[in-house]
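Count the sequence shown with mature numbering (1 follows the signal peptide of the UniProt record, and there is no 0) and you get residues -21 to -1, 1 to 930, in order.
So the structure is just underneath, and the comments pick up after that.
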Amino acid sequence: MAITAFMVWISLSCMVGFIQCYEDRGFNPLGYIPVFIGPQDGLKGSDKIESLPGQPEGVDFDQYSGYVTVDSEAGRALFYYFVESPQDSSAKPLVLWLNGGPGCSSFGAGAMTELGPFRVNKDGKTLYRNEYAWNKDANIIFLESPAGVGFSYSNTTSDYNLSGDNRTAQDSYTFLVNWLERFPEYKTRDFFITGESYAGHYVPQLAQAILHNNNYTDRTLINLRGIAMGNAYMDYEAMVKGSVDFYWTHALISDETYMGLISNCNFSFPKVSTERCRVFFDQAENATRDIYVYDIYTPLCNSSSDSISVSAFDPCSENYVKSYLNIPQVQKALHANVTTLPYPWKDCSDNVHKHWKDSPSTVLPIIQELMGSGIRVWIYSGDTDGAVPITCTRYAINKLGTPVRTSWYPWYTQGEVGGYAVEYQNLTFVTIRGSGHFVPSYQPARALVLFSSFLIYSRSNMNMKVAAFAWTVLLLSCYQLAFFPVACSAHQIDSLDRLLKSRKSANPPRAESWGELDGTHGYSTTAAYVEAQDGRFRLMQDDKIDALPGQPEGVDFDQYGGYVTVDQKAGRALFYYFVESPQNSSTRPLVLWLNGGPGCSSLGYGAMEELGPFRVNSDGKTLFRNPYAWNNVANVIFLESPAGVGFSYSNTSSDYSNAGDKSTAEDSYKFLVNWLERFPQYKSRDFFITGESYAGHYVPQLAYTILSKKSTTINLKGIAIGNAWIDDNTGTMGIYDYFWTHALNSDETNEGIHKSCDFVNGKFSSTCYQYQSQGDEETGVIDVYNIYAPICNPSAPKVGSAGSVNDFDPCSDDYVSSYLNLAKVQKALHAKATSWGACSNVVWTDSPTTILPTIKQLIAGGINVWIYSGDMDGRVPITSSRYAINTLKLLVDTAWRPWYSNNEVGGYVVGYKGVVLTTVRGAGHMVPSYQPERALTMISSFLQGILPPSS
């Protein structure tokens, strides 16, 4: 099971009543609480920690831990760990942190794996410093609550079966009153409550208790200024609906499961479920059981996979913490376990969780009360969390109906989009990009900026408008971008964007079907130009590459590069790079790879950044081996097409102004016919066409050209297209739906797009285009080809010459451009001396708005069609692929299921009659760049004619 110790009670299982979940066993607002106040003299000094075993040198702050009794009669005491700020602790605020569960430890999770000053090393015995600890900006208490959690205990064992929201709030309030007597210097300090997950109940309930009890003169006045809750469970209906929507839009469950849940489950009432609802719940549970739901892209603990994670957080951290906190010397240093508990320290208490007594289905009324009282309320959400997804948070906030004061915008830190923010009346919502459930674990630098902004805004005595402006300036940090050189895959973005925008121009590319363009119902059967191949063995040998400059030692395959003329009269020739398989090349299939754009290079992108045998080092001069190159399983041709792209050229310059889908398919066909004359040993070989992006046009069109020409030399078996642009209407709708569900766009923009854009009939008003432009702008400066990837910073320190295929460098475009423009490289490739560019500004003259009819024809012709999609791509997202396929109305042959690569869920696959759809988990637009191992597993299955591994 992917979910180990950290339990979130609010899983989809609550929905169908398999466990007792958030029934409306309501939280009673706590009025006057009779508080036990025990003697506190001398206890502060006793609680001071001299040193934690294994802590690093140079600790420059005071830390304390111990017990505060909250019920002397029952002998109930709560354990806390407190760290002061290294600088100006006397002036900085006091913050309480609460983890959720319910029943999970704020010390083990919050302090030791998230925002505390230390993290535990893999040895489970030593600590290292967390440079993004929140005690940089505040003095922080981590409270293990209720009794039975972590080191907290009761001498009355029945207490462990009586926990619930009411008692937890009451005991936490009693803890605070007593703790402030023990640390009286904090009595007047600004106080904040923070937490995550089920602390979406704890935090507002405790804040409400403080507000109510501050009204009594015999009580310590707690100077509560604000609350902040992360990935917080607040409302049952929003939670369940948001989870279901998140799972589908993030490609974790099938269309059928999604529609089954929507149609058969009542999201409003926890106890109401049907047998049909349970069936679809089981399907959802089975599909997601082997991923870590707290961060859907992170690897599992102890995985041997080389998959790339969004964050560098070690998924086994909870194991290290458990080992460390059960060391007797550690417990002694912490003044913990003084009663010798009959069980070891655990991160979560199964018993407390199982016997939870009261939990309202919503805490939104409490949040509204806090907002009305002037308490600053911040709600933040890591956008890759599947346990309490961001969609749940947005649905819950929308139920509050509070107006927007500061519109949605991206905020920045360290030159990157840290997330997005919107300010409502008395409430602020902030997302953290690329973070799972435990935000400070997965994105510690971004989490610290968030926390600092929250404190500054909440402590401000300025009026709301001025305070909001100050907060915006801090969180936005736009000044960083003025000096930060941004370089990413701009050429590819520009090429597809330029084509899509040209649809709106006064002179758009022709969108007719090919039959209409020809004035016929199909292709001309005129024979293709075949270049004289006398001495073809000599031509093949002339194209053989002796060695590429800077290539690593031990290259064990043959490689070729050169030109094939496709129009002798015009002098039009296409450049190719061909790599044979290191083993059994004589029996392995032949694969053609095409990059999209339109107008982008299959050599520069496909061969040098994705699936080719080499990648370019950061020096721009040397290469390193790609162990997951596709020539491990096939012989692969990379074709730069059309003329004007990369090294391909024409002696007739007007050719560059007349490129388009039809001429590209015709020239690619002519290339193949001639290439097979040059390499006749491949004439009878199984042949496959693959590509990505706008190759969603190239690949099916070339395949159909081959079929229509009735070629006897091209043994076409199948096509595979990745993150493929195949239909304008569903593609565009998919983009903006993806943007909203992945927290890149505002509610207002999403609503405006769906109200003003007719995606069914392809009718788009000027208002529609305005909302689409607004949606594009709201995403900020991110690499839309992988919404969680960093952008290129050319001035950042480089890793040196020894690159790694498992850590894709966002500046790879720059390295490839430098390499392919070296004179000696061009000579070794047998390329004409030229200024090589990744993408060309060829003028595109024809482009059908949909390729779906062509795909239907391929299905009818018996061609194996695979459509695959990296699920982090925002340019041609998985939603676009699913919408397009759904318009074909194909029957399901093999139900949606996860597939595996190296013991991890590599993605999901569904087999339709004629089409296979497979996702690649954790990959962006260029799938082999971001998830090379999974991409190789996927393409190997495609070539074998089988679905990816089911276990």
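Note that the Cβ used here is the ideal one computed from N, Cα and C, for glycine as well.
Nearest-angstrom Cα separation, counted from residue j out to residue i
i	j	result
S920	L926	6 Å
E757	W815	33 Å
T897	Y847	5 Å
T48	R913	53 Å
L618	Y584	11 Å
Y399	L427	15 Å
A207	N574	46 Å
F243	L349	Checking the displayed sequence, the identity of residue 243 turns out to be Asn instead of Phe. C-alpha separation (whole angstroms): 36 Å.
K23	I119	15 Å
D50	R98	32 Å
Y648	L681	7 Å
A375	V182	16 Å
Y177	V739	41 Å
L434	T277	30 Å
L75	G89	11 Å
V822	Y683	23 Å
Q66	G37	14 Å
L569	D665	6 Å
S819	V624	5 Å
Y661	V906	27 Å
I616	S580	13 Å
E532	P35	42 Å
D522	G841	34 Å
S796	D116	44 Å
V317	G397	43 Å
E164	F260	52 Å
E883	K835	33 Å
Y273	G415	6 Å
Residues that residue i bridges to, as DSSP identifies them
i	result
Q520	For Q520, which the question treats as bridged, DSSP gives no partner whatsoever.
I846	I700 and L896
V570	V615 and F667
Q42	V62
P389	Y399
F121	Y60 and W76
F557	Y539 and I616
A207	T173 and W357
C818	C579
V871	Y891
Residue of the options minimising C-alpha distance to residue i
i	options	result
T631	S672, A552 and E559	A552
D102	P32, F162, T153 and G80	P32
F292	A178, Y359, I411 and V418	V418
N405	Y165, K811 and I354	I354
Y107	A117, K115, M91 and F121	M91
L518	V331, L655, K742 and P907	L655
Y299	A902, G87 and D522	G87
Y862	N708, V899, S774 and P928	N708
H180	G397, R204, G205 and G143	G143
C83	A117, K641 and A126	A126
G741	P679, K220, R257 and T828	T828
G849	F743, Q422 and L231	L231
K689	V652, W719 and Q310	V652
Distance between beta carbons of residue j and residue i, contact taken as under 8 Å
i	j	result
E160	Q42	Not a contact, Cβ separation roughly 20 Å.
Y542	F557	Going by Cβ atoms, the distance from Y542 to F557 rounds to 12 Å, so no, they are not a contact pair.
R168	P72	6 Å
K336	L77	At roughly 18 Å, the Cβ-Cβ gap does not stay under 8 Å, so K336 and L77 are not in contact.
G45	H314	4 Å
A807	L527	5 Å
H676	D640	5 Å
L185	N193	With a Cβ gap of about 12 Å, L185 and N193 do not count as contacting.
* Counting Cβ pairs, one atom from each stretch, are 3 or more of them under 8 Å apart for the segment 54 to 68 and the segment 129 to 139? -> Yes, the segment 54 to 68 touches the segment 129 to 139.
* **the segment 168 to 188 / the segment 307 to 322 touching (three or more Cβ pairs under 8 Å)** => No, the segment 168 to 188 is not in contact with the segment 307 to 322.
* Cβ contact check for the segment 210 to 222 and the segment 352 to 365: 3 or more pairs under 8 Å -> yes
* To do: May I ask you to verify whether the segment 723 to 738 touches the segment 707 to 715, counting CB pairs closer than 8 Å and requiring at least 3?
  => yes
* Any chance the segment 600 to 616 sits against the segment 628 to 646, with 3 or more Cβ pairs inside 8 Å? -> no
* Pairing CB atoms from the segment 591 to 605 with CB atoms from the segment 684 to 702, are three or more of them under 8 Å? -> no
* Could you tell me whether the segment 784 to 796 touches the segment 745 to 753, using the rule of 3 or more Cβ pairs below 8 Å? => no
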